[in-house]
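Sequence lines, in order, name chains A and B. The opening position of the first sequence corresponds to residue 1 in this note's numbering, with each subsequent residue numbered one higher. The opening position of the second sequence corresponds to residue 1001 in this note's numbering, with each subsequent residue numbered one higher.
There are 2 protein chains.
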Amino acid sequence: SIKHVAIYGKGGIGKSCTASNIAAACADEGHRVLVVGCDPKSDSSITLVGHRIPTMMELIQGGGEIKEEDVVFQGYKGVRCIEVGGPEPGVGCAGRGIIVAIDFLRKVSKAMEEVDLVLYDVPGDIVCGGFSAPIRKGLVSQAYIITSGEYMPLYAGNNISKGLKRLNTPLAGVICNSREAAGEREIVESFARELGSRLVAFIPKDPIVQECERRAVTAIEGAPDSKIAEVYRALAREIMSGAEPRVPKPLSDERLLELTRT
Amino acid sequence: SIKHVAIYGKGGIGKSCTASNIAAACADEGHRVLVVGCDPKSDSSITLVGHRIPTMMELIQGGGEIKEEDVVFQGYKGVRCIEVGGPEPGVGCAGRGIIVAIDFLRKVSKAMEEVDLVLYDVPGDIVCGGFSAPIRKGLVSQAYIITSGEYMPLYAGNNISKGLKRLNTPLAGVICNSREAAGEREIVESFARELGSRLVAFIPKDPIVQECERRAVTAIEGAPDSKIAEVYRALAREIMSGAEPRVPKPLSDERLLELTRT
Ligand SMILES: Nc1ncnc2c1ncn2[C@@H]1O[C@H](COP(=O)(O)OP(=O)(O)O)[C@@H](O)[C@H]1O
Ligand SMILES: Nc1ncnc2c1ncn2[C@@H]1O[C@H](COP(=O)(O)OP(=O)(O)O)[C@@H](O)[C@H]1O
Ligand code: SF4
Ligand SMILES: [Mg+2]
Ligand SMILES: [Mg+2]
Chain A
1 SIKHVAIYGK GGIGKSCTAS NIAAACADEG HRVLVVGCDP KSDSSITLVG
51 HRIPTMMELI QGGGEIKEED VVFQGYKGVR CIEVGGPEPG VGCAGRGIIV
101 AIDFLRKVSK AMEEVDLVLY DVPGDIVCGG FSAPIRKGLV SQAYIITSGE
151 YMPLYAGNNI SKGLKRLNTP LAGVICNSRE AAGEREIVES FARELGSRLV
201 AFIPKDPIVQ ECERRAVTAI EGAPDSKIAE VYRALAREIM SGAEPRVPKP
251 LSDERLLELT RT
Chain B
1001 SIKHVAIYGK GGIGKSCTAS NIAAACADEG HRVLVVGCDP KSDSSITLVG
1051 HRIPTMMELI QGGGEIKEED VVFQGYKGVR CIEVGGPEPG VGCAGRGIIV
1101 AIDFLRKVSK AMEEVDLVLY DVPGDIVCGG FSAPIRKGLV SQAYIITSGE
1151 YMPLYAGNNI SKGLKRLNTP LAGVICNSRE AAGEREIVES FARELGSRLV
1201 AFIPKDPIVQ ECERRAVTAI EGAPDSKIAE VYRALAREIM SGAEPRVPKP
1251 LSDERLLELT RT
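Listed below in structure tokens is the structure:
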């Protein structure tokens, strides 16, 4: 059966970078992967395809007939990518856009069925009904929260876990994308444990990631023998082998402050 | 006539800190101020009131009769504060919450009429129809964008300007809250100029701000003779004397990348 996995986290924390490297690592192991970019920044697929691709919302708003090859793009080792795109600034609903795009994709393409893994890259700054659309539509079977040891990304992560709890959706694990903050690993391990989950990956901050990004490739493709590529491969295996996802138990605001003050 | 001013910017860029210091500086000059916190983090008023205050959404969701003193709190030199609060994570719409809260406030209180300045502290990570609610409802007469010289906050600022343009709302100016990035002042000055606006304040990064925040006071109250307090006072005078707000001309994605690569 197809795994539908969402990666949620604060803007700028490393969702797209991590998701695209996971996708590339899974493709290396022979899995068929579809990446669905749900961030209005539409930058989930640049390192997989080699350049920015048109968004579904741009195409839908433009009118006219749309075929599968207008929205689904193939990248590294056959990874397929779509970018939902954002609402028209100031008027639309980012969340409704995700639903419109997914419904449209189903009409023009079989991409959602002919894969082993669908990865949703979703911003977690605002945990509203809109951004939880992939979950409310019953698409996502498990979610990962990506954070660092700093207060703001943890606050966003905790808020995401409140949304997951409210929607009775299991949390499969917490990923720490290191910002080299003091005591980061212990803080994020405690955070994951208190949520009733666990830390599934500690991704070091590594300049190779940005070098590859500048060349519009993932670290998996651009530096396959590097230590960081191995970290992404291990995370990809974890995601495909499946953890025991559990509905999270969010922390109180006081506890979250305590945890980051240590 | 009452000035309704919105301050938009990416999460963590310094909206609440800047808005509360502006409010305190305006109160020092004898202006009557109301701060409306529209960020689901509900931390716009902590340094004005001295502690976190209950949010309107919590009270409204709790049911029961609500009086003015349950939602409107007085802080430093009589500054009045309300926190809208966020949607229930995963289900509500952060934007609709703002409209519900403002309509409710009007029913229980005259706070919106008995002031000279209403400051809306609004997150700008997602520029959807929801967060532009204060604008669409005709409340906000002018907006300020707060950013640093880094790509992510500038990207959010540019997206906000697209929303302002779409809603034909004037941009009164750009505020740079320094992150001490290389060439920051020049980058943000160019950004402001190309939007058809101008840089109205360059706020240095200053440890006094965080020291005061830990004591739950603004820099205006906690360090009135400091250089940073003077910067906030100058910005407060700029906001009250009014710039010539103009509808912005957003930059293209390519130009924005170019600007931050210099
Ligand atoms: N492990 C890492 N080491 C170094 N840089 C990283 C790492 N992960 C992400 N980054 C950098 O952080 C920035 C933000 O990452 P991105 O994936 O775009 O965040 P998001 O999708 O959450 O907004 C990118 O420039 C990326 O190169
Ligand atoms: N000029 C400044 N100098 C030093 N620290 C600052 C400054 N402005 C904001 N900060 C700090 O940055 C953090 C984020 O600011 P905040 O106002 O909460 O952001 P936002 O409301 O945009 O999410 C706070 O901890 C605050 O103390
Ligand atoms: S549901 Fe979320 S994305 Fe949609 S309009 Fe409301 S706040 Fe914006
Ligand atoms: Mg991204
Ligand atoms: Mg704030």
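C-beta: ideal position from N, C-alpha, C; glycine also. On a predicted model such as this, the values are computed, not experimentally measured, just so you know.
- Not one heavy atom of ligand 2 lies closer than 8 Å to the C-beta of ASN177(A).
- Taking 8 Å as the upper bound for CB-CB distance, VAL84(A) and THR55(A) are in contact here, some 6 Å apart.
- At a cut-off of 9 Å between beta carbons, SER1226(B) makes no contact with chain A.
- Taking GLY1149(B) as reference, the option from PRO1123(B), PHE1131(B), PHE1191(B), PRO1134(B) with the minimal CA-CA separation is PHE1191(B).
- Taking a C-beta distance under 9 Å as the contact criterion, SER197(A) and ARG246(A) qualify as a contact pair.
- At a Cβ-Cβ threshold of 9 Å, ILE1098(B) and ALA1133(B) count as neighbours.
- Every unbroken stretch of the alpha helix (DSSP H) spanning 4 or more residues and falling wholly within the segment 3-76 of chain A is given here in chain order: 15-28, 46-49, 56-62, 68-71.
- Between VAL217(A) and PHE202(A), the CB-CB gap reaches or exceeds 9 Å.
- For GLU1213(B), the distance from the CB to the nearest heavy atom of ligand 2 is below 8 Å.
- Under the DSSP assignment, GLU114(A) falls outside any beta strand (DSSP E); it carries neither an H nor an E label.
- Applying a distance threshold of 7 Å between residue Cβ atoms and the heavy atoms of ligand 5 selects LYS1015(B), SER1016(B), ASP1039(B), LYS1041(B), ASP1043(B), SER1044(B), ASP1121(B), given in chain order.
- Not one heavy atom of ligand 1 falls within 8 Å of the beta-carbon of ASP1253(B).
- At least one heavy atom of ligand 3 sits closer than 8 Å to the Cβ of ALA1094(B).
- Annotation: Cβ neighbours of ALA94(A) in chain B (cutoff 8 Å, chain order): ILE1126, CYS1128.
- Between ligand 3 and PRO1087(B), a heavy atom-to-CB distance of less than 8 Å is present.
- When the alpha-carbon of LYS1249(B) is set against those of ARG1237(B), ILE1208(B), MET1240(B), ARG1166(B), the nearest one is in ARG1166(B).
- If you draw a 10 Å sphere on the C-beta of ASP1125(B), you find 16 or more other C-beta atoms in it, and that means buried.
- Remark: the shortest separation between the CB of PRO153(A) and any heavy atom of ligand 4 does not fall under 8 Å.
- Setting aside the 5 residues that flank it on each side, GLY163(A) is surrounded in the same chain by VAL127, SER132, each with a C-beta closer than 6 Å to its C-beta; the list follows chain order.
- Neighbours of ASN159(A) in chain B, taken as residues at a C-beta separation under 7 Å, are given in chain order as PRO1089.
- Of all residues in the segment 216-243 of chain A, none places a beta-carbon less than 9 Å from a beta-carbon of chain B.
- When C-alpha distances from GLU221(A) are compared across ILE13(A), ALA25(A), GLY14(A), the shortest belongs to ALA25(A).
- For PRO1040(B), the residues of chain A that pass the 7 Å Cβ criterion are ILE126, in the order they occur in the chain.
- Apart from sequence neighbours up to five positions away, the residues of its chain that approach CYS1093(B) with a beta-carbon distance below 7 Å are PRO1087, GLY1130, ordered along the chain.
- Following the DSSP letters along the chain, one finds LEU1171(B) inside the beta strand (DSSP E) bounded by residues 1171-1177.
- Three or more Cβ pairs drawn from the segment 11-21 of chain A and the segment 104-123 of chain A lie within less than 8 Å of each other, which places the two stretches in contact.
- Rounded to whole angstroms, the gap between the alpha carbons of ILE1208(B) and VAL231(A) is 40 Å.
- In this structure, the C-beta of GLY129(A) approaches ligand 3 to less than 8 Å from one of its heavy atoms.
- Where VAL1108(B) is concerned, the enclosing alpha helix (DSSP H) starts and stops at 1094-1108.
- Scanning chain B for C-beta atoms nearer than 7 Å to the C-beta of ARG106(A) yields nothing, as the closest lies near 23 Å away.
- Distance from the Cα of LYS10(A) is smallest, within the candidate group MET1057(B), ARG1193(B), GLY1173(B), MET1152(B), for MET1152(B).
- For MET1152(B), the C-beta contacts it makes with chain A under 7 Å involve GLY11, GLY12, in order along the chain.
- The three-state secondary structure of PHE131(A), taken from DSSP, is coil.
- Assignment of LEU139(A) by DSSP, reduced to helix, strand and coil, places it in the coil class.
- Below the 9 Å Cβ cutoff, chain B contributes no neighbours of LYS137(A), its closest Cβ being approximately 13 Å away.
- Taking 9 Å as the threshold, the shortest C-beta distance from GLY196(A) to chain B does not fall below it.
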